[in-house]
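Asks: Sharing a structure, written as structure tokens. Questions coming.
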Amino acid sequence: EAGVAQSPRYKIIEKRQSVAFWCNPISGHATLYWYQQILGQGPKLLIQFQNNGVVDDSQLPKDRFSAERLKGVDSTLKIQPAKLEDSAVYLCASSPLAGNYNEQFFGPGTRLTVL
Amino acid sequence: SQQGEEDPQALSIQEGENATMNCSYKTSINNLQWYRQNSGRGLVHLILIRSNEREKHSGRLRVTLDTSKKSSSLLITASRAADTASYFCATDRNYGQNFVFGPGTRLSVLP
Numbered sequence: 017e018a019g020v021a022q023s024p025r026y027k028i029i030e031k032r033q034s035v036a037f038w039c040n041p042i043s044g045h046a047t048l049y050w051y052q053q054i055l056g057q058g059p060k061l062l063i064q065f066q067n068n069g070v071v072d073d074s075q076l077p078k079d080r081f082s083a084e085r086l087k088g089v090d091s092t093l094k095i096q097p098a099k100l101e102d103s104a105v106y107l108c109a110s111s112p113l114a115g116n117y118n119e120q121f122f123g124p125g126t127r128l129t130v131l
Numbered sequence: 191s192q193q194g195e196e197d198p199q200a201l202s203i204q205e206g207e208n209a210t211m212n213c214s215y216k217t218s219i220n221n222l223q224w225y226r227q228n229s230g231r232g233l234v235h236l237i238l239i240r241s242n243e244r245e246k247h248s249g250r251l252r253v254t255l256d257t258s259k260k261s262s263s264l265l266i267t268a269s270r271a272a273d274t275a276s277y278f279c280a281t282d283r284n285y286g287q288n289f290v291f292g293p294g295t296r297l298s299v300l301p
């Protein structure tokens, strides 16, 4: 089966610019996650969707980050405007169901550099 | 705040040796998972252990869980150069809806 797809793989922008990332989860997976992974750290959950509804966005900096999952399939994560500290790898993951009884399948990530 | 903390931060061993990584956490959990991340790649799920389990095996991997000490260990036996990666433990948060990852252990297996 095809894995989680993400694009672009790399993005370089200047601070205060906007950027968007795209994720296509594994077919049939109800739950989709976006993580931010700063160099040398573990992934930090930004937002979790169940189908097209938000389950947890408590760690999403809502003043500049937004995400949507229209039709409960693909998802986009946007940063507007970007700051230097947003430089990180943004990982998308999906799982068949929510909760910690299920493993998450990760995409390759998008590496964002903010200059 | 991070729930799990891996120890050591970095580990370097020779091929064929065993590698042991530890994860300590602060609050009660229902489940704990271990993931591997090769450089520049996404994470790959290795194993899940439930709070009522003490030990699980998967191939060359052995995971233990001690809920009284709030700790888990991941043992990789007969390591190979291909095991070179970062290893993360993930503990549940938000009433089990999702996970929090530790900072990871960076394992280098030298040929």
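Protein chains in written order, with our numbering: chain A, 17 to 131; chain B, 191 to 301. Heads up, the beta-carbon is just placed ideally off N, CA and C, and yes, glycines get one too.
(1) Report the option in A:G19, A:H45, A:A18, A:L131 whose CA atom is closest to the CA atom of A:R85.
(2) Would you decide whether A:I54 is buried or exposed? Buried here means 16 or more other CB atoms lie within 10 Å of its CB.
(3) Measuring alpha carbon to alpha carbon, tell me which residue in B:K260, B:W224, B:G249 is nearest B:I237.
(4) Hey, B:S269 and B:T295 are a contact pair by Cβ (cut 8 Å); roughly how many whole angstroms apart?
(5) Which of the three DSSP states, helix, strand or coil, is assigned to B:G194?
(6) Can you give the beta carbon distance from A:P59 to B:F291, rounded, assuming they're within the 8 Å contact cut?
(7) Where are the beta strand (DSSP E) runs, 3 residues long or more, that stay fully inside the region 96-129 of chain A, in chain order?
(8) Could you work out which residues of chain A lie near B:P293, taking near to mean beta carbons separated by less than 9 Å?
(9) Kindly list, in the order they appear in chain B, the residues whose Cβ is closer than 9 Å to that of A:L107.
(10) What is the DSSP secondary structure of B:A200, reduced to helix, strand or coil?
(11) I want to see whether chain B comes within less than 8 Å of A:G69, judged by CB atoms only; does it?
(12) Would you mind sorting B:S191 into buried or exposed? The rule is 16 or more other CB atoms within 10 Å of its CB.
(13) Which residue from B:R252, B:D197, B:L201 puts its Cα closest to that of B:S298?
(14) Looking only at its chain, what residues have a beta carbon closer than 6 Å to the beta carbon of A:F81, apart from the 5 residues adjacent to it on each side?
(15) Considering only residues of the same chain and omitting the five flanking positions on each side of B:K246, which have a CB-CB separation below 7 Å?
(16) Just by C-beta distance, which residues in the region 203-232 of chain B are closer than 9 Å to chain A?
(17) Taking Cβ-Cβ distances shorter than 7 Å, what residues in chain A pair up with B:L238?
(18) In angstroms, rounded to a whole number, what distance separates the CA positions of A:P79 and A:P112?
(19) Going by DSSP, what residue range makes up the beta strand (DSSP E) through B:G249?
Replies: Answer, in terms of the structure:
(1) A:H45
(2) exposed
(3) B:W224
(4) With 8 Å as the limit, B:S269 and B:T295 do not qualify as a contact, their Cβ atoms being about 13 Å apart.
(5) strand
(6) 5 Å
(7) 104-111
(8) G56, Q57, G58
(9) G232, L233
(10) strand
(11) no
(12) For B:S191, the predicted structure reports a pLDDT of 46, less than 50, and the residue's modelled location is therefore unreliable. A value from the coordinates is still provided. By the neighbour-count rule (16 or more Cβ atoms within 10 Å), B:S191 is not buried but exposed.
(13) B:L201
(14) I95
(15) I237, I239, V253
(16) I219, N220, N221, L222, Q223, Y225, Q227, G230, R231, G232
(17) E119
(18) A small correction: the amino acid at residue 79 of chain A is Asp; Pro does not occupy that position in the sequence shown. Their backbone Cα atoms lie some 30 Å apart in a straight line.
(19) Element bounds for B:G249: n/a, residue is neither H nor E.
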